[in-house]
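So in the UniProt record's numbering the end of the sequence shown lands on 420, straight run, no missing numbers. Heads up, the beta-carbon is just placed ideally off N, CA and C, and yes, glycines get one too. As structure tokens, the structure follows; a few thoughts come after it.
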Amino acid sequence: MFIMVGINKRIVTYLAITVIAVLLSLQLYASHLGKKATVLPYQRTPDPSIVTPPSPFTDRESFCAKLPTPKRPRTLFVSDKTPKDGPLKIFFWKQIDWGNLNKINWREESEKMCPFSPELQAFFDYFKMKLVKDEALVWTPGFAPCYFWGFYHDYMMGDYTGTCNNPTHGEVQYTFTMNYTEFSSADIILVNYPFLLSKWEFPYFDIQYLPPRIAHQKWVLHFYDESIGYYPHVAYPPFMQQFDLTIGSPPALMDIPHPTYPITEAKALELANVQPGFPLNQATEHYIAFMISNCEAKNNRDELTEEFIQKAGAHSYGGCRHTKDIPKEFEKLDWSQLKTKTLAPYPFGLAAENSNCVGYVTEKFYDVLASGAIPVFMGLHQNRRPGTFLQVEGSRQEGPLQVLQELLPRTPARFVLHCE
Numbered sequence: 001m002f003i004m005v006g007i008n009k010r011i012v013t014y015l016a017i018t019v020i021a022v023l024l025s026l027q028l029y030a031s032h033l034g035k036k037a038t039v040l041p042y043q044r045t046p047d048p049s050i051v052t053p054p055s056p057f058t059d060r061e062s063f064c065a066k067l068p069t070p071k072r073p074r075t076l077f078v079s080d081k082t083p084k085d086g087p088l089k090i091f092f093w094k095q096i097d098w099g100n101l102n103k104i105n106w107r108e109e110s111e112k113m114c115p116f117s118p119e120l121q122a123f124f125d126y127f128k129m130k131l132v133k134d135e136a137l138v139w140t141p142g143f144a145p146c147y148f149w150g151f152y153h154d155y156m157m158g159d160y161t162g163t164c165n166n167p168t169h170g171e172v173q174y175t176f177t178m179n180y181t182e183f184s185s186a187d188i189i190l191v192n193y194p195f196l197l198s199k200w201e202f203p204y205f206d207i208q209y210l211p212p213r214i215a216h217q218k219w220v221l222h223f224y225d226e227s228i229g230y231y232p233h234v235a236y237p238p239f240m241q242q243f244d245l246t247i248g249s250p251p252a253l254m255d256i257p258h259p260t261y262p263i264t265e266a267k268a269l270e271l272a273n274v275q276p277g278f279p280l281n282q283a284t285e286h287y288i289a290f291m292i293s294n295c296e297a298k299n300n301r302d303e304l305t306e307e308f309i310q311k312a313g314a315h316s317y318g319g320c321r322h323t324k325d326i327p328k329e330f331e332k333l334d335w336s337q338l339k340t341k342t343l344a345p346y347p348f349g350l351a352a353e354n355s356n357c358v359g360y361v362t363e364k365f366y367d368v369l370a371s372g373a374i375p376v377f378m379g380l381h382q383n384r385r386p387g388t389f390l391q392v393e394g395s396r397q398e399g400p401l402q403v404l405q406e407l408l409p410r411t412p413a414r415f416v417l418h419c420e
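Okay, structure coming up:
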């Protein structure tokens with residue numbers, strides 16, 4: 001009996017000590033919760049290189065003229081698939097473009113839903129919150145409007161297949177797809193619409209618009225038909241290093257260069273043999289013309305066009321500073337032919353890019369050449385040959401404007417002789 005009482009006392013004592021210890025722990029935990037944690041100050045710009053000029057976010061002009069070098073070496077390895085492994089599956093990661101975003105009737109599109117890979121749930125939730133902005137509209141988990149499956153082309157509702165030649169494995173089949181149901185089985189994620197990702201505050205791109213990384217997949221960026229003057233995040237190393245391979249322009253940033261406006265040898269010879277449409281031995285009141293629709297350029301293009309209109313009698317056929325209508329007989333032509341025909345009667349044509357960025361030379365320059373006019377170019381042309389065109393230099397457009405004013409009311413032949 002005495003032994004039993006002694007054992008019971010020891011058990012009670014042990015339990016009491018345990019309870020007291022737990023209570024003390026809870027008290028200490030509660031007091032800790034009441035204290036304010038030590039928090040390091042939030043540094044909005046942890047990388048000094050992005051706020052020290054030249055930087056894409058502080059000094060766009062200087063940055064565009066001197067691009068950064070990628071911080072790590074790259075290789076061209078994308079996939080080790082062989083023909084025996086089946087087709088290489090390339091997933092085209094593009095859901096919308098800004099031009100169509102406000103035209104989409106999401107309630108109507110949401111009447112037909114398709115299943116997607118479970119890895120994409122967070123992406124579609126974020127997309128709906130940020131871009132659809134309709135809380136009353138419900139997308140069942142695991143499903144999204146079938147609109148996404150066929151956005152790029154109607155035929156993308158079914159996979160598009162083709163073949164390419166590989167130096168190692170010979171002919172390799174590939175499948176180009178937008179089938180979100182089979183996203184996880186894709187080998188390559190191709191991103192060629194990075195404009196949606198742009199932000200003007202740190203970290204300058206919204207990674208939540210990108211898919212999750214799956215171990216076997218490679219990411220490829222294709223950026224070539226816009227200027228980094230408008231999308232500086234594309235030149236930002238933390239963004240570029242999201243990708244295993246980059247293709248596009250400007251070449252200094254990319255693994256594989258793709259010019260903004262590629263020119264073949266045959267096209268170059270064709271342009272070289274175009275004859276002027278305006279007699280160089282004649283004077284005229286209207287020496288130069290242009291067609292510009294983007295009225296918010298990142299350089300001084302707007303000021304330059306106003307100078308030409310006021311001081312050189314320029315004709316503006318575009319939406320910006322419009323002074324003259326396109327001849328009706330040209331209205332049914334495609335855009336390139338329309339521009340060529342419209343500029344042909346003038347001795348000079350303004351080819352002014354929307355930003356002065358290395359490697360950004362668009363069709364504007366070549367359309368003027370195709371018309372037979374002498375290009376007055378604003379931008380950064382890396383392959384300039386003396387005597388081939390007039391270059392707008394610096395923030396003040398003294399060069400071309402002085403030449404044009406010197407010609408008035410003389411003949412354009414003086415310019416040609418001067419260049420020679």
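In this structure, ALA252 lies away from GLY379, with their beta-carbon atoms at least 9 Å apart.
Annotation for ASP97: TYR193 place their beta carbon closer than 7 Å to its own, counting only its chain and skipping 5 residues before and after. If you look at GLY162, you'll find it isn't in any alpha helix (DSSP H); it sits in the beta strand (DSSP E) that goes 160-166.
Restricting attention to beta strand (DSSP E) runs no shorter than 3 residues, the UniProt domain "Fucosyltransferase C-terminal" (285-381) encloses them at 288-290, 348-352 and 374-378, ordered along the chain. Boundaries of the beta strand (DSSP E) harbouring GLN173: 170-177, taken from the DSSP string. Contact check for HIS222 against LEU190 passes: the beta carbons are separated by less than 9 Å. For PRO145, the closest alpha carbon among the candidates GLN95, ASN273, THR342 and GLN282 is that of GLN95.
C-alpha of PRO259 to C-alpha of ASN356: approximately 15 Å in a straight line. A check of alpha carbon separations from ILE263 across ASN354, ALA370, TYR180 and TYR204 identifies ALA370 as the nearest. The Cβ atoms of VAL220 and LEU197 do not sit closer than 9 Å to each other.
In terms of Cβ geometry, ALA297 and GLU353 form a close pair [threshold 9 Å].
Of the other Cβ atoms in all chains shown, fewer than 16 fall within 10 Å of the Cβ of ASN100; this residue is therefore exposed.
In its chain, beyond the 5 residues on either side, HIS169, GLY170, GLU171, VAL172 and GLN173 have a beta carbon closer than 8 Å to the beta carbon of PRO83. The continuous stretches of alpha helix (DSSP H) do not include GLY248, which lies in the beta strand (DSSP E) extending over residues 245-248. According to DSSP, PHE91 shares a beta bridge with THR177 and ILE189. Counting of Cβ neighbours within 10 angstroms places TYR126 among the exposed residues, the total staying below 16. Beta-bridge partners assigned by DSSP to CYS114: ALA144. The continuous stretches of beta strand (DSSP E) do not include TRP106, which lies in the alpha helix (DSSP H) extending over residues 106-109. Membership of LEU271 in the alpha helix (DSSP H) is indicated by the continuous run 265-272. Looking at the backbone, the Cα of ALA289 and that of GLU329 are separated by about 18 Å. Put simply, of LEU210, LYS133 and LYS218 the residue whose alpha carbon is nearest the alpha carbon of LEU120 is LEU210. Your pair PHE389 and LEU350 does not check out as a contact, with CB atoms roughly 11 Å apart and the cut at 8 Å. Bridge partners of HIS216 according to DSSP: none are assigned. PRO257 carries a strand assignment under DSSP once its states are collapsed to helix, strand and coil. Assignment of PHE389 by DSSP, reduced to helix, strand and coil, places it in the coil class. If you check the CB distance, ARG107 and LEU137 come in under 9 Å. Comparing alpha carbon positions, the residue from TYR180, VAL132, ASP367 and CYS164 closest to LEU271 is ASP367. Inter-residue distance for MET113 and PRO276 is about 57 Å (C-alpha atoms, whole angstroms). Burial is judged here by how many other beta carbons sit within 10 angstroms of a residue's own beta carbon; HIS315 has at least 16 and is buried. Per DSSP, the unbroken alpha helix (DSSP H) holding LEU101 starts and ends at 98-101. It is roughly 22 Å from the alpha-carbon of LYS339 to the alpha-carbon of GLU303.
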